[in-house]
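A quick write-up on the structure given underneath.
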Amino acid sequence: MPKRNLFKIILFLEVLAFLFPVPVYPQHADLSESYSLIDAAFSEKSEEKLTEQLFRNKDSPGYVLCENYIMKKIRQLVIAGDFEFARTACLVVIDNNMDNTDAIAMYSVIDDGIARRKAEEEAQERKKEAEEVRIALERKKLLEQVQSKYQAVPTSSGKSVYVRENESRYSSLSWQADFGMADISMINVSSENYTSARYGITSEASLVYQTDQIAVGAEGTVEFLMATLSNSDDTILSSYTIVPKIAFSSLSDRLFFRMGAASYVTTAGSEKNKVLDTFITPLAGIDIENITFGGLQFKASYDYYFGHFAYDDLKSAMAAGILVRIPVADLEKIRIGFDVGVRDTLFIRDGGTENRVRTVLAFGVGNVTE
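Just so we're aligned, residue 1191 is where the sequence shown starts under my numbering, counting upward by one.
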């Protein structure tokens, strides 16, 4: 070829290269963007976005690179244990290129892995269910054995326990008897400028039947003040109360509502009587029981005496007290202890008040209920 013609050809090719440059860098930029969009599709686990990227690059020279990048991401998912989206991504590749044997082989491996894991999970679930059934049967068998040897007894706290029929220590019926070894009272009548210390004896008894819904019972007290400690007044004072009571478990099994009767009897002595004459009255009040703290048991009560309306020289009358039970010993079904209590009875009279404060030390005996 003549040199002149060769020169013309080279010049023509240079002009073409200048007018139509090869897009090397734009193609690289498009591939980088595709990789970013593929990463986003895997992060969101979006089958639609992954399909869209392969479809957009179907006729692109970088399609094979996109497929290879997707396969790399799929292998990463398999290593991480995310078989579900790895299988979905394989299907997307296969749907776009049935000739991708790597994707087909990977799909087969992933599908087998999912099947094995599902079988293992089902086996674990069956094993768990079988264990639960075994435990339920053992509990049922144990309960049947307990019920055949023991009896269910509700306690005074409202709960039920199983005890031997011939060794029943627990009971829904509770009782308590207190015998006062010392009853020291201080009586003050403000209108008479009268103060007297008295010594006497007292006794108290209570009975309560407990069910799951309610507790019903009654208590009674008897008190005699015979000896005068501070003056020569030989008046004998005595008091008697009988009080039924009820508690509702839905409200509180420790709060009892009380309604009953009380009488304060005065036996005149050799001098003019300065304390209140005999007073008989109905009463209503509340009683809080079974409060335990540090091994001690507390009880508190308040009563209002409505009988004052029937007495001309009385404006109001009431009483309140608190008692602490100190357990000493449990003898099978019997509990022995000491009781220390204070009770204040207030009579508001015309021209002043009469206040009777008594302190009691008693020996107590009761049954064990829980």
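All C-beta atoms, glycine included, are put in the ideal place defined by N, C-alpha and C.
Rounded separation between residue i and residue j - CA only
i, j, result
"residue 1438", "residue 1447", "9 Å"
"residue 1537", "residue 1366", "29 Å"
"residue 1408", "residue 1477", "11 Å"
"residue 1419", "residue 1506", "28 Å"
"residue 1379", "residue 1544", "4 Å"
"residue 1297", "residue 1319", "33 Å"
"residue 1567", "residue 1468", "No answer is possible for residue 1567: the residues shown for the chain start at 1191 and end at 1560."
"residue 1440", "residue 1432", "26 Å"
"residue 1412", "residue 1390", "11 Å"
"residue 1257", "residue 1315", "38 Å"
"residue 1480", "residue 1397", "14 Å"
"residue 1426", "residue 1405", "37 Å"
Bridge-paired residues (DSSP) for residue i
i, result
"residue 1546", "1377, 1535"
"residue 1517", "1527"
"residue 1508", "1494, 1536"
"residue 1396", "1366, 1409"
"residue 1431", "1411, 1452"
"residue 1386", "1377"
"residue 1477", "1446, 1491"
"residue 1472", "1451"
Assumed close pair residue i, residue j - CB separation to whole angstroms, cut-off 8 Å
i, j, result
"residue 1453", "residue 1430", "5 Å"
"residue 1514", "residue 1377", "Actually they do not touch by this definition, with Cβ atoms about 23 Å apart."
"residue 1381", "residue 1539", "7 Å"
Proximity winner among the options, relative to residue i (alpha-carbon distances)
i, options, result
"residue 1422", "1543, 1396, 1385, 1451", "1385"
"residue 1518", "1506, 1496, 1554", "1554"
"residue 1402", "1443, 1396, 1413, 1449", "1443"
"residue 1186", "1279, 1450, 1486, 1471", "Look at the range of the chain in this structure, 1191 to 1560, and you will see that residue 1186 is not part of it."
"residue 1546", "1433, 1428, 1432", "1428"
"residue 1557", "1363, 1329, 1492", "1363"
"residue 1283", "1315, 1488, 1242", "1242"
"residue 1541", "1285, 1445, 1269, 1503", "1503"
"residue 1533", "1491, 1501, 1338", "1491"
"residue 1529", "1398, 1261, 1390, 1368", "1368"
"residue 1294", "1281, 1470, 1302", "1281"
"residue 1156", "1279, 1463, 1248", "As shown, the chain starts at 1191 and ends at 1560. That puts residue 1156 outside it, with no answer to give."
"residue 1300", "1424, 1329, 1312, 1270", "1270"
"residue 1449", "1496, 1335, 1263, 1336", "1496"
- [ ] Please determine if the stretch 1543-1550 and the stretch 1518-1525 are in contact, where contact requires at least 3 C-beta pairs separated by less than 8 Å.
- [x] By the C-beta criterion, the stretch 1543-1550 is judged not to be in contact with the stretch 1518-1525, since fewer than 3 inter-stretch pairs fall below 8 Å.
Open item on the list: Tell me whether the stretch 1222-1237 and the stretch 1256-1274 touch, counting them as touching only if at least three CB pairs, one residue from each stretch, are closer than 8 Å.
Closed with: Contact check between the stretch 1222-1237 and the stretch 1256-1274: three or more CB pairs, one atom from each, fall below 8 Å, which counts as touching.
Open item on the list: For the structure I just gave you, are there three or more beta carbon pairs, one from the stretch 1276-1290 and one from the stretch 1322-1329, closer than 8 Å?
Closed with: The stretch 1276-1290 vs the stretch 1322-1329: no contact.
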